[in-house]
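For the sequence shown, the working numbering begins at 6 and goes up steadily by one. Positions of the beta carbon are idealized from the N, C-alpha and C atoms, including for glycine. On a predicted model such as this, the values are computed, not experimentally measured, just so you know. Here is the structure we will look at.
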Amino acid sequence: MPKRKHDAVAQGAPLLDLGRDSHVTQRGIEKLLHAVSKGGIPEHFSRRTQYRARKTFAATRTPHGRLIETYVMPTSSGDVPVGIQSPMPIIHYSLANCAGFRTLFREAARVNPVANPWHIILYNDGITPQDSASSHDKRKLVSFYWSFREFGQRALCTEEAWFILATVRLSVLTKYDGGLSRFVRECLTSFFFNTSGGCNFQDPGMDLTTGDVQGMLRAVLWCFIADEPAIKDFFNNKGHSGLLPCVLCSNVVLHRLYEEAVHVGFVTTACSNFEAFKRHSDASLRALHHDLAAKRDTLTPDEFNEAEISCGLNYSEHSLILDPHVAIASQCMFDWAHTYVVGGIADVEFGTAMVLLRRLRAPTTYAVLGDFVSQWTWPERQKPNLRKLFDKEAATSHYGAWAFKSTASEMLSLAPVLSFYFRHIALAQGFAVDIVRSLVAAFDVVALLQCVRNGVVTPEALRDSVERHMNLFKAAYGADACRPKHHYAMHLWLMLKIFGMLASCLPMERLHKIPKRYVKERRNTKSYEVGTLEDVTLKQLFDRREEWLAVDCLVAPHKPPPRSAVARVLKELHPSARTLTVAARMASKFGQVNIGDVVFFSVDGVRQCGRVKVHYDADGHTFSVIQSWERAPMVGIEVGADAMRFKVVANGRRYPSACIDTALIYSLVGEYATVLVPPLFR
């Protein structure tokens with residue numbers, strides 16, 4: 006009797022028993038079994054064998070040293086070994102073994118030859134692997150990331166373009182004399198600019214002996230990017246706990262502590278005139294630090310603490326300020342994402358505005374906004390579950406906090422729709438007009454900041470937008486309502502002018518998931534940091550193998566079913582094609598575009614709008630079948646350049662996929678669709 010199909014399957018391990026003895030997610034089981042099916046079962050695979058293999062890999066030697074070096078931190082409770090992903094060896098190994106990274110590096114070197122010094126960006130942020138509400142989170146980590154400016158802003162918006170230098174428990178850093186600032190200084194001295202015969206990017210540089218790029222790669226320290234708490238950790242400034250909260254300004258006083266009669270020649274954090282700020286120089290910051298050092302032995306502890314508060318710095322002989330490679334005044338970049346979202350200016354102001362509108366019994370409530378948001382459709386690549394942010398339980402939480410509680414990605418996804426609502430509907434209702442205008446101005450700034458990565462926003466345009474919002478905010482709420490972040494936002498335009506770009510923390514926020522993955526179940530704290538970084542490095546190298554920045558190509562292409570309607574139509578369109586593949590999505594210059602997305606696409610210089618029906622490749626040429634819509638007049642509300650209306654037409658025509666510009670947010674009612682126009686295309 007012939008075996009039935011399910012009998013053959015039953016010969017293997019019971020499917021539903023997998024992952025029960027030691028938990029593995031269903032997706033994890035699927036990926037693992039797929040890899041085993043494709044590559045076979047390793048001859049040895051015990052936990053101990055895996056450990057030895059990981060240690061052997063970490064000890065891999067390159068012409069520049071080992072991949073993972075161990076740095077011993079002398080803390081108040083004993084020496085703690087910390088793993089360091091050594092920069093030159095990891096570049097060497099990635100070029101030799103990771104095709105995706107090799108492509109990125111080769112393209113960066115083509116545009117920016119290694120004969121000219123490259124520029125290093127550093128970033129740090131805290132990570133909480135366990136419940137964020139825990140009052141004693143001893144596994145909270147601080148991760149340190151770095152990359153090269155020359156990779157370009159598009160690449161820097163992806164996780165794969167960033168290296169994880171180290172990941173260290175916060176409890177270890179707090180017991181280390183000099184803390185995080187000293188740790189970063191030691192890393193710069195030992196692993197980036199080691200003048201004692203180790204790796205030194207500045208002189209002689211890195212000899213590129215592998216890959217398609219030859220020569221000496223030299224690099225200089227270019228930029229520190231971080232949110233406000235991380236800036237404090239980097240540079241030992243007081244931040245909000247000091248009289249002068251901004252590390253870049255010498256005359257800006259925390260607004261709540263400002264007294265005009267006392268602080269002659271000073272302004273407050275609520276000042277919206279950038280010309281009134283006196284910017285620190287690198288020399289003046291070092292002079293402040295040296296002045297504190299001189300006072301340390303002459304003042305009582307209380308007097309010295311007051312001196313630190315007055316100048317806005319914490320004294321440390323190990324401070325990063327004293328490193329010769331560091332020039333804070335010209336190397337500090339505020340993270341725009343943390344400035345405006347994730348407890349930033351925009352989401353806090355939105356939550357505050359909703360409380361005040363509620364008190365006025367305005368028609369705009371979270372329930373009304375939830376219904377409005379549900380009418381819109383986002384591109385498949387970012388399709389967020391936003392309705393839950395407006396349900397009754399969430400609304401109660403928002404009202405109680407006077408802030409809109411959401412992740413950065415949720416807020417950035419919502420911002421265009423909320424901007425449309427408050428600009429064209431809430432303003433017309435006539436309630437708290439000053440408050441609504443200020444909120445719309447905040448969303449305008451967020452929209453501009455999201456376009457900076459495309460190189461279309463001038464520093465002057467950003468300055469004008471931030472100043473306009475600042476003035477409208479003060480008109481609506483008063484200067485006392487301004488937060489220090491309003492002042493930090495005033496610096497963003499100049500940072501864009503100085504650096505030519507504004508990086509954000511968003512890629513690193515996504516990158517946090519890698520350290521989280523490997524520390525969540527790690528209980529043994531012996532060599533905690535070393536073991537974690539070894540796992541993190543393996544994962545990063547795995548992710549860099551595949552191309553991730555290619556454009557105008559299919560993502561995960563496959564052959565269509567032989568007898569399907571799609572296969573039949575494609576064969577009619579390309580009767581002589583040797584290979585025909587299809588895909589659910591393709592990579593465009595502004596992100597992935599899925600089947601079913603509504604897009605802007607350009608034909609002969611004319612921008613059109615329509616819905617994607619299919620992506621396919623014929624003998625290496627990529628096409629998309631798009632249902633082109635007809636432009637229609639707006640009805641009901643007067644709308645400017647931020648929205649367009651189209652009539653849905655049931656047709657379909659083949660276009661080169663390269664003509665697709667970007668996927669859009671739209672609202673479809675009957676046969677008419679309202680499309681939100683991204684600022685980039687206005």
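Next item on the list: Flag this pair as yes or no: are the beta carbons of Ile600 and Ala589 separated by less than 8 Å?
Entry: Taking 8 Å as the Cβ cut-off, Ile600 and Ala589 qualify as a contacting pair.
Next item on the list: State the start and end residues of the unbroken alpha helix (DSSP H) segment that holds Leu178.
Entry: Per DSSP, the unbroken alpha helix (DSSP H) holding Leu178 starts and ends at 175-178.
Notebook entry, point to check: When you compare only the Cα positions, how much space is there between Ala693 and Leu127?
Noted result: The requested residue 693 does not occur in the structure, where the chain is confined to residues 6 to 687.
Margin query: Alpha carbons only, please: which of Pro94, Lys518, Tyr533 is nearest the one belonging to Leu222?
Written below: Looking at Pro94, Lys518, Tyr533, the one whose alpha-carbon comes closest to that of Leu222 is Pro94.
Next item on the list: Could you spell out where the alpha helix (DSSP H) holding Met500 opens and where it closes?
Entry: That run of the alpha helix (DSSP H) goes 489-504.
Note to self: According to DSSP, is Lys618 part of a helix, a strand, or is it coil?
What the structure shows: Strand, per DSSP.
Note to self: Between which two residues does the beta strand (DSSP E) holding Val450 run?
What the structure shows: Annotation: Val450 is outside any beta strand (DSSP E); the continuous alpha helix (DSSP H) that includes it extends over 438-456.
Next item on the list: Have a look at Ser581 and Val587 and give me their C-alpha separation to the nearest angstrom.
Entry: Approximately 17 Å between the Cα atoms of the pair.
Checklist line | Endpoints, beta strand (DSSP E) assigned at Cys228 | finding: Where Cys228 is concerned, the enclosing beta strand (DSSP E) stretches over 224-231.
Check: By Cβ distance below 7 Å, which residues in the same chain neighbour Phe339 in space, the five residues on each side in sequence not counted?
Finding: Non-local C-beta neighbours of Phe339 in its own chain, meaning closer than 7 Å and more than five positions away in sequence, comprise Tyr493, His496, Leu497, Met500, ordered along the chain.
Note to self: Can you give me the C-alpha to C-alpha distance between Val257 and Thr214, rounded to a whole angstrom?
What the structure shows: Val257 and Thr214 have their C-alpha atoms spaced approximately 50 Å apart.
Next item on the list: Let me know the alpha helix (DSSP H) ranges lying completely inside the stretch 52-124, each 4 residues or longer, listed in chain order.
Entry: Qualifying alpha helix (DSSP H) stretches, in chain order: 52-63, 92-102, 104-116.
Notebook entry, point to check: Do you know offhand how far Gly157's Cα is from His124's?
Noted result: His124 has its alpha-carbon roughly 11 Å from the corresponding atom of Gly157.
Notebook entry, point to check: Shortest alpha-carbon distance to Leu190 belongs to which of Asn241, Pro234, Thr163?
Noted result: Residue identity check: residue 190 is Arg in the sequence provided, not Leu. The option with the nearest alpha carbon to Arg190 is Asn241.
Checklist line | Touching by the beta-carbon criterion (3+ pairs, under 8 Å), the stretch 550-563 and the stretch 62-76 | finding: No: the two stretches stay apart, fewer than three of their Cβ pairs being nearer than 8 Å.
Check: Candidates Gln219, Val353, Cys251, Glu164: which alpha carbon is nearest Cys316's?
Finding: Of the listed residues, the one whose Cα sits closest to Cys316 is Cys251.
Margin query: Please return the same chain residues whose Cβ sits closer than 6 Å to the Cβ of Ser277, not counting the five positions on each side in sequence.
Written below: Cβ within range, chain order: Glu472, Met475, Asn476.
Item checked: Uninterrupted alpha helix (DSSP H) stretches inside the stretch 275-354 (no shorter than 4 residues) -> Taking only runs of at least 4 residues, the alpha helix (DSSP H) segments lying wholly in the stretch 275-354 are 287-301, 306-316, 333-336, 341-345.
Margin query: For the alpha helix (DSSP H) containing Val677, name the first residue and the last one.
Written below: What sits at residue 677 in the sequence shown is Tyr, not Val. Unbroken run through Tyr677 is the beta strand (DSSP E), 677-681; no alpha helix (DSSP H).
Note to self: Tell me the rounded alpha-carbon separation between Val441 and Gln434.
What the structure shows: Inter-residue distance for Val441 and Gln434 is about 10 Å (C-alpha atoms, whole angstroms).
Check: Where DSSP assigns a beta bridge to Asn205, which residues make up the other side?
Finding: BP columns for Asn205 point to Phe198.
Margin query: Using the three-state DSSP reduction, which class does Met649 fall into: helix, strand or coil?
Written below: Of the three classes helix, strand and coil, the one that applies to Met649 here is strand, per DSSP.
Notebook entry, point to check: With which residues is Cys558 paired in a DSSP beta bridge?
Noted result: DSSP lists Ala592 as the beta-bridge partner residues of Cys558.
Notebook entry, point to check: Where do the ends of the alpha helix (DSSP H) carrying Glu191 lie?
Noted result: Glu191 -> alpha helix (DSSP H) spans 184-192.
Next item on the list: Within the same chain, show all residues whose beta-carbon is closer than 8 Å to that of Val619, passing over the 5 residues directly before and after it, in chain order.
Entry: Contacts found: Val571, Val587, Ile600, Ser629, Val630.
Check: Between which two residues does the beta strand (DSSP E) harbouring Ile665 extend?
Finding: That run of the beta strand (DSSP E) goes 665-668.
Next item on the list: For my contact list, Ser99 and Leu546 are in at a C-beta cut-off of 8 Å; report their separation, rounded to the angstrom.
Entry: Between the beta-carbon of Ser99 and that of Leu546 there is about 7 Å, and that keeps the pair under the 8 Å contact cut.
Notebook entry, point to check: What first and last residue would you give for the beta strand (DSSP E) that runs through Pro661?
Noted result: Element bounds for Pro661: 658-661.
Notebook entry, point to check: Comparing alpha-carbon positions, which option in Ser255, Tyr523, Thr163 lies nearest Leu146?
Noted result: The candidate whose alpha carbon is nearest that of Leu146 is Tyr523.
Item checked: Within 8 Å, strictly: CB atoms of Gly356 and Ala408 -> Cβ atoms of Gly356 and Ala408: closer than 8 Å.
Item checked: Distance CB(Val360)-CB(Ile670) smaller than 8 Å -> No; because the gap between Cβ atoms is not below 8 Å, this pair is not in contact.
Check: Between the C-alpha atoms of Lys393 and Ala399, what's the straight-line distance to the nearest angstrom?
Finding: Linking Lys393 to Ala399 through their CA atoms gives a straight-line distance of about 7 Å.
Notebook entry, point to check: Nearest to Ala292 by alpha carbon, out of Phe309, His491, Thr305, Leu327?
Noted result: If we check each option's Cα against that of Ala292, Leu327 comes out closest.
Item checked: Cβ distance (whole Å) where Glu539 is taken to contact Arg59 below 8 Å -> Correct: roughly 5 Å between the Cβ atoms.
Item checked: Whole-angstrom distance between Leu511 and Cys162, CA atom to CA atom -> Between the C-alpha atoms of Cys162 and Leu511 there is a straight-line separation of about 7 Å.
Notebook entry, point to check: Of the residues Ala646, Ser569, Pro234, which one's Cα is nearest the Cα of Lys490?
Noted result: Residue Pro234 is the option with its Cα nearest to Lys490.
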